[in-house]
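Q:
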DNA sequence: GAAGGGGAAATACAGTGTATCGACATGATG
DNA sequence: CATCATGTCGATACACTGTATTTCCCCTTC
């Protein structure tokens, strides 16, 4: 019996771990959004059967949790600046940039408590930045308020970005010329304040808007820190 | 040929409109969350075939948009108080309470631009509250900042609420005693600031936390309004 | 060599959003 | 009154989803 007659030994299944799985899922989501992530496609990308993933996660939600924590690794700053304000500001901006790299993050942000190692690490360094500056309670309140702000702001920014992309219109064009529905509504005169805002408002770019809102919130935090 | 032999005339299809459809969808979502909303189930609740809905909406996303706008009708205040600060605060609290009544709103909040009639009406009254107090640009920035805050805060609150419900543990219990994963992580000593926050922090109820964060942001807005 | 165990894969199921198509009640027209 | 066009509704179909269950086969251990 020659070599040719003997069948090749069966290919061992490719080794798997959460890291690989999450990487595949993130890649899929980066390319086609969250809805492009299906267990079948993730598994296929790893040359594995779908059910194999259930050894590493027990539900699709858990895969999302892992994906979010993976991105928190990008958000975690390598070294902390001394100033608490810089630290918090950096956290906000890093989160925003991460969401711009992985737009699907906006869909998940704030959706579930972040209990993964990187999420906890981010929480740690954030709270640590306020250590000694404020008592525990005001510190927590500050972090919560700030993160509520940038979570919401990021979500809105991504939402607008998608809307512009979908209609093919820049925000300015959309407001001024085309955007049939909104234009028609504004023309009814039932929304004078809104109309004024839309037509008289100077359009600032998203980053600047994010930054000024952030500054306001940081100002508020600063005011509470100094006065216990 | 008697009456009994003749078949009854065919039952006319039940009349339908967006209002009925949205009401059915909202009811479904209130009972079982957003994932309980399927076009088939919505249609079934209206004694109609699934495909019939496509005369009124062209995609499931649009149904969600209509649902959100429906809730904005609850958020819209009946009469506006004079003070801008009261007005903005009321908007935030009304949105929060709406989300507590319809928890699925948290999943949709900030996810897409709100262009429905009620959403626009809310935007209108909100901007109107700042009319004369601030120039257009700072007014918009104020509204955006504030709504980013409460959007994020509401999402987190609902997320925590669900997590507590799922584990059957109150936040306090979860942090202190059981919650194996978090407890173990904190015990490693790698998260000292976080551990201090968890163990030394006094737990305030969600509404109070929401309100203080809101006050901070409103303070910040007030500071920017007075000083142009 | 035989038996057992464990993990991967195949199959199965109930459900999803949406496209397509056939039938049929209705209103217009002869 | 008969016929035809029209438009709408429902049935069917399709590709896909998350997940439970079953089947199978390789490796280890006697």
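Chains as they are written, first to last, in the UniProt record's numbering: chain L, 1 to 228; chain R, 1 to 228.
All C-beta atoms, glycine included, are put in the ideal place defined by N, C-alpha and C.
Treat the numbers as computed from the prediction; the structure is a model and nothing was measured.
Hey, would you say residue 148/L sits closer than 8 Å to residue 111/R, going by beta carbons?
A: One-based indexing of the first chain puts residue 148/L at position 148. One-based indexing of the second chain puts residue 111/R at position 111. No, Cβ-Cβ distance for residue 148/L and residue 111/R is not below 8 Å.
Q: Assign residue 205/L to one of three DSSP states: helix, strand, or coil.
A: Counted from its first residue, the first chain places residue 205/L at position 205. The answer is coil: DSSP assigns residue 205/L none of H, G, I, E or B.
Q: At a Cβ threshold of 8 Å, is residue 151/L touching chain R?
A: As a position in the first chain, residue 151/L is number 151, starting the count at 1. So yes, residue 151/L belongs to the interface.
Q: What are the start and end residues of the alpha helix (DSSP H) that includes residue 38/L?
A: One-based indexing of the first chain puts residue 38/L at position 38. Element bounds for residue 38/L: n/a, residue is neither H nor E.
Q: For residue 131/R, does the three-state DSSP call read helix, strand or coil?
A: Counting from 1 along the second chain, the entry for residue 131/R is found at position 131. Looking at residue 131/R - three-state DSSP - the assignment turns out to be strand.
Q: Going along chain L, which residues have a C-beta under 9 Å from residue 185/R?
A: Taking the first residue of the second chain as 1, we reach residue 185/R at position 185. The contacting residues are 115, 117, 120.
Q: Can you tell me whether residue 40/R is buried or exposed? The criterion is at least 16 other CB atoms within 10 Å of its CB, across all chains shown.
A: What you label residue 40/R is simply residue 40 of the second chain in a count that begins at 1. Classification of residue 40/R: exposed, given that the 10 Å Cβ count is below 16.
Q: Excluding the 5 residues flanking residue 210/L on each side, which residues of the same chain have their C-beta closer than 7 Å to its C-beta?
A: Position 210 of the first chain holds residue 210/L. Answer for residue 210/L: 96, 153, 157, listed in chain order.
Q: Classify residue 219/R as helix, strand or coil using the three-state DSSP reduction.
A: Here residue 219/R refers to the residue found at position 219 when the second chain is read from its first residue. Residue 219/R falls in the helix class under three-state DSSP.
Q: Please check if any C-beta of chain L sits within less than 8 Å of the C-beta of residue 47/R.
A: Within the second chain, residue 47/R is the residue found at index 47, counting from 1. So, not an interface residue.
Q: Give, in chain order, every residue of the segment 185-213 of chain R whose Cβ lies closer than 7 Å to some Cβ of chain L.
A: Result list: 185, 191, 193, 194, 196, 197, 200, 201, 202, 209, 212, 213.
Q: Note down the Cα distance separating residue 98/R from residue 79/R, rounded to an integer number of angstroms.
A: As a first step, residue 98/R is located in the second chain; it is residue number 98 there, counting from the start. As a first step, residue 79/R is located in the second chain; it is residue number 79 there, counting from the start. Rounded to the nearest angstrom, the two C-alpha atoms are 17 Å apart.
Q: Which residues in the same chain have their Cβ closer than 8 Å to the Cβ of residue 66/R, if we skip the five residues on either side of it in sequence?
A: To locate residue 66/R, count along the second chain from 1; it is residue 66. So the qualifying residues of the chain are 18, 21, 22, 25, 57, 116.
Q: How would you list, in chain order, the residues of chain R whose beta-carbon sits under 8 Å from the beta-carbon of residue 59/L?
A: Sequence index remark: in the first chain, residue 59/L carries index 59 (1-based). Correct list: empty, because the minimum Cβ distance to chain R is about 12 Å.
Q: Does the segment 30-44 of chain L touch the segment 102-111 of chain L, meaning 3 or more C-beta pairs lie closer than 8 Å?
A: Enough Cβ pairs lie closer than 8 Å, so yes.
Q: So, are the CB atoms of residue 125/R and residue 88/R less than 8 Å apart?
A: Position 125 of the second chain, counted from the start, is the residue given in the question as residue 125/R. Position 88 of the second chain, counted from the start, is the residue given in the question as residue 88/R. Contact: no.
Q: Going along the chain, which residues of its own chain have a beta-carbon closer than 6 Å to the beta-carbon of residue 84/L, five neighbours each way excluded?
A: Translated into positions along the first chain, residue 84/L becomes position 84. Excluding positions up to five away in sequence, the list reads 129, 130, 133.
Q: Along the chain, where does the alpha helix (DSSP H) that runs through residue 182/R open and close?
A: If you number the second chain from 1, residue 182/R lands on position 182. It spans 180-187 - the alpha helix (DSSP H) in which residue 182/R sits, taken as one unbroken run.
Q: Sort 191/R, 90/R, 113/R by Cα distance to residue 69/R and report the nearest one.
A: Indexing the second chain from 1 puts residue 69/R at position 69. Nearest of 191/R, 90/R, 113/R to residue 69/R, Cα basis: 113/R.
Q: Counting along the chain, where does the alpha helix (DSSP H) carrying residue 61/R start and finish?
A: Mapped onto the second chain, residue 61/R falls at position 61. Where residue 61/R is concerned, the enclosing alpha helix (DSSP H) stretches over 60-75.
Q: Can you confirm whether residue 134/R, when its beta carbon is compared against all beta carbons of chain L, has any partner nearer than 8 Å?
A: Translated into the one-based positions of the second chain, residue 134/R becomes position 134. No, no contact with chain L.
Q: Evaluate residue 188/R with the Cβ neighbour count: other Cβ atoms within 10 Å of its Cβ, from every protein chain shown; 16 or more gives buried, anything less gives exposed.
A: As a working note, residue 188/R is residue 188 in the second chain. Label assigned to residue 188/R: exposed.
Q: List the residues of chain L that residue 155/R touches, going by C-beta distances under 9 Å, in chain order.
A: Counting from 1 along the second chain, the entry for residue 155/R is found at position 155. By Cβ distance, chain L contributes 109, 110, 111, 148, 151, 152, 155.
Q: Select from 221/R, 72/R, 82/R, 217/R the residue whose C-alpha is nearest the C-alpha of residue 121/R.
A: For this step, residue 121/R is matched to residue 121 along the second chain. It is 72/R.
Q: Should residue 141/L be flagged as near chain R, meaning a C-beta pair shorter than 8 Å?
A: Along the first chain, read from residue 1 onward, the residue named residue 141/L stands at position 141. With 8 Å as the cut-off, residue 141/L counts as an interface residue toward chain R.
Q: Using the Cα positions of residue 142/R and residue 201/L, report the straight-line distance between them to the nearest angstrom.
A: Indexing the second chain from 1 puts residue 142/R at position 142. Indexing the first chain from 1 puts residue 201/L at position 201. Their Cα atoms are separated by approximately 13 Å.
Q: Please report how far the alpha carbon of residue 12/L lies from the alpha carbon of residue 44/L, in whole angstroms.
A: Looking up residue 12/L in the first chain gives position 12. Looking up residue 44/L in the first chain gives position 44. Residue 12/L and residue 44/L: Cα-Cα distance of roughly 16 Å.
Q: Using the C-alpha atoms, what's the distance from residue 221/R back to residue 204/R?
A: Taking the second chain and counting its residues from 1, the one referred to as residue 204/R is at position 204. Taking the second chain and counting its residues from 1, the one referred to as residue 221/R is at position 221. Spanning the two alpha carbons is a distance of roughly 24 Å.
Q: By Cβ distance, which residues of its chain are closer than 6 Å to residue 33/R, with the 5 residues on each side in sequence left out?
A: By one-based count along the second chain, residue 33/R stands at place 33. Contacts found: 104.
Q: So, residue 193/L versus residue 127/R, is the Cβ gap smaller than 8 Å?
A: Taking the first residue of the first chain as 1, we reach residue 193/L at position 193. Taking the first residue of the second chain as 1, we reach residue 127/R at position 127. Yes, Cβ-Cβ distance for residue 193/L and residue 127/R is below 8 Å.
Q: Should residue 59/R go down as buried or exposed, given a rule of 16 or more other Cβ atoms within 10 Å for buried?
A: Numbered from its first residue, the second chain carries residue 59/R at position 59. Exposed is the call here.
Q: My output table needs one value for residue 17/L: the three-state DSSP class, helix, strand or coil.
A: Here residue 17/L is taken as the residue at index 17 of the first chain, counted from 1. Coil at residue 17/L, not helix or strand.
Q: Would you decide whether residue 165/L is buried or exposed? Buried here means 16 or more other CB atoms lie within 10 Å of its CB.
A: Along the first chain, read from residue 1 onward, the residue named residue 165/L stands at position 165. Flag for residue 165/L reads exposed.
Q: Measuring only between beta-carbons, confirm whether residue 224/R sits less than 8 Å from chain L.
A: Here residue 224/R is taken as the residue at index 224 of the second chain, counted from 1. Residue 224/R counts as touching chain L.
Q: Who are the neighbours of residue 167/R on chain L, taking C-beta pairs under 8 Å?
A: Taking the second chain and counting its residues from 1, one reaches residue 167/R at position 167. Neighbours of residue 167/R on chain L: none; closest Cβ ~10 Å, over 8 Å.
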